[in-house]
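Engineer: Quick note: the sequence shown uses my numbering, first residue 60, plus one each step.
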Amino acid sequence: MIDTSLMPDENGYFGEYGGQIIPPELIQIMNEINDAYDEIRQTSAFQDELADLNEHYVGRPSPIYYAKKLSKQVGGARIFFKREDLNHTGAHKINHCLGEALLAKHMGKTKVLAETGAGQHGVALATACALMDIECEIHMGEIDIEKEHPNVTKMKILGCKLVPVTRGTKTLKDAVDSAFEEYLKDPVNYFYAIGSVVGPHPFPRMVRDFQSIVGKEARAQFLEEQGKLPDIVMACVGGGSNAIGLFTEFLQDESVEMIGVEPAGKGLDTPDNAATLTLGSKGALHGFKCYNLQDDNGEPLPVYSIASGLDYPGVGPQHCYLKDLGRVRYESVDDKACLDAFMILSRTEGIIPALESAHAVAYAMDIAKDMSADQTILINLSGRGDKDADFVAERLSL
Ligand SMILES: *Cc1c(COP(=O)(O)O)cnc(C)c1O
């Protein structure tokens, strides 16, 4: 078995994916970030500070919960959740935002920049920057600003500068361009905090490392509580950070099957999906090589999912490599199955999941019924559904 924990190589490649497909000036800046990260992460000052924040600020370790009633209703395998929804700010994103903000601060950067779609990354980053006293600027499309009111309000309260993006589609894609332009004005003093395991090297590696605490905890907790490893570990995949965070610690366990669940949106046979690993082709996007959903000219397609956090035309390079190696299987779940799982989990267990996480729950429910009661599935419940509650209630006329 290939030891993928040693990835990426020194140029940031996972197999043929990843790298730094960016102008030479920026390659130098990215390499400086990589070197600073390598230096800092070995120091006990950095490790102690992050460990302390994880415990006392985020509330780690997050528990593993056996969803007894859900498992019984589905019939078959026993279903467990790694409760990242219980973290401060309500999702796994705080894990890498704290790491990135801490690194930016240690590097003496004066401003942290990012784009946000639904506002989840924006809120987590604004939270980390408020805590660390570092200036934060978030670019967000005007249409998203109107749609995502609670997150917009939170970012304002947290004191970050919110820049409305009025050009083009007025959504995520143009917010990326806008934030990146601002970053290029002073990349020496600014830090672009990428929100998933995507972008140029070293971000896919760094964000993975910060998220891998999820799998480290989960593997030890599961072994201790169940006396064996789970048969399957599973997570939803947008850019891929919560999935790789759970998977990394299990990669060398040959007995553990891994499944990443992508959004099939309104169906794989319609243009309204974001099932990148299922339907995409190889190409370059946002500074790295990956599978992506693109048109004949290599331009990213306007993707769609009911869960805005999964709505991305590319995917992390390590996932592309794991797919080609056959180590992880990537499947997809459509909006309807996602909504069903959202309601079933809410009403059987009293846990309202994020619509993103509900994709993984839906796929687990689908396969659990054909498994036996001594088999187990561990799902990364990446976030809570507060942000989605009004939308779902309206959609289902509750
Ligand atoms: C952003 C988000 C995701 C998708 O991002 P990944 O990088 O694929 O993990 C999944 N779940 C929640 C709750 C999110 O906020």
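Even glycine gets a Cβ: it sits at the ideal position worked out from N, Cα and C.
Between M214 and G254, is the Cβ-Cβ spacing less than 8 Å?
Structural biologist: Not in contact: M214 and G254 (Cβ atoms no closer than 8 Å).
Engineer: Residues in its own chain within less than 7 Å of H147 by CB, not counting five upstream and five downstream?
Structural biologist: Excluding sequence neighbours, H147 sits near Y116, V117, G118, I153.
Engineer: Label H155 either buried or exposed according to how many other C-beta atoms from any shown protein chain fall within 10 Å of its C-beta, with 16 as the threshold for buried.
Structural biologist: Buried, by the Cβ-count rule.
Engineer: Apply the 10 Å Cβ neighbour rule to A458 and answer buried if 16 or more other Cβ atoms are within range, or exposed otherwise.
Structural biologist: Limits of the chain in this structure are 60 at one end and 457 at the other, which puts residue 458 out of reach.
Engineer: Could you check the C-alpha separation between T458 and C195 for me, to the nearest Å?
Structural biologist: No information on residue 458 is available, as it lies outside the stretch 60 to 457 that the chain covers here.
Engineer: Give the DSSP-derived three-state secondary structure of H115 in the structure shown.
Structural biologist: Helix.
Engineer: At 3 residues or longer, and completely inside the region 123-197: list those beta strand (DSSP E) runs for me, N to C.
Structural biologist: List check, beta strand (DSSP E) in window: 123-125, 137-142, 170-175.
Engineer: If contact is defined by three or more beta carbon pairs under 8 Å, each pair taking one atom from either stretch, is the region 416-425 in contact with the region 316-330?
Structural biologist: Cβ pair count under 8 Å is three or more, so yes.
Engineer: Name the two residues that bound the continuous alpha helix (DSSP H) containing P412.
Structural biologist: Looking at the DSSP string, P412 is not in any alpha helix (DSSP H), and its letter there is neither H nor E.
Engineer: Buried or exposed: N439, going by 16 or more other Cβ atoms within 10 Å of its Cβ?
Structural biologist: Buried is the call here.
Engineer: Could you check what DSSP says for G368 in three-state terms: helix, strand or coil?
Structural biologist: In the structure shown, G368 sits in a helix (DSSP, three-state: H, G or I).
Engineer: Please report the distance separating the alpha-carbon of H165 from that of R406.
Structural biologist: Taking the straight line from one Cα to the other gives about 45 Å.
Engineer: Determine the closest residue to F306 out of L437, G78, A95, K128, with distance taken between C-alpha atoms.
Structural biologist: Of the listed residues, the one whose Cα sits closest to F306 is L437.
Engineer: Sorted by chain position, which residues of the same chain lie with C-beta nearer than 7 Å to L282's C-beta, five sequence neighbours on each side aside?
Structural biologist: Cβ neighbours of L282 beyond the five flanking positions: L288.
Engineer: First and last residue of the alpha helix (DSSP H) that includes M430?
Structural biologist: From DSSP, M430 is part of no alpha helix (DSSP H); its letter is neither H nor E.
Engineer: Is the beta carbon of E415 within less than 7 Å of some heavy atom of ligand 3?
Structural biologist: Judged by which ligands are present, ligand 3 is missing from the structure shown, whose ligands are ligand 1.
Engineer: In chain order, what residues of the same chain have a beta carbon less than 6 Å from the beta carbon of C38, not counting five sequence neighbours either side?
Structural biologist: This structure cannot speak to residue 38, because the chain is shown only from 60 to 457.
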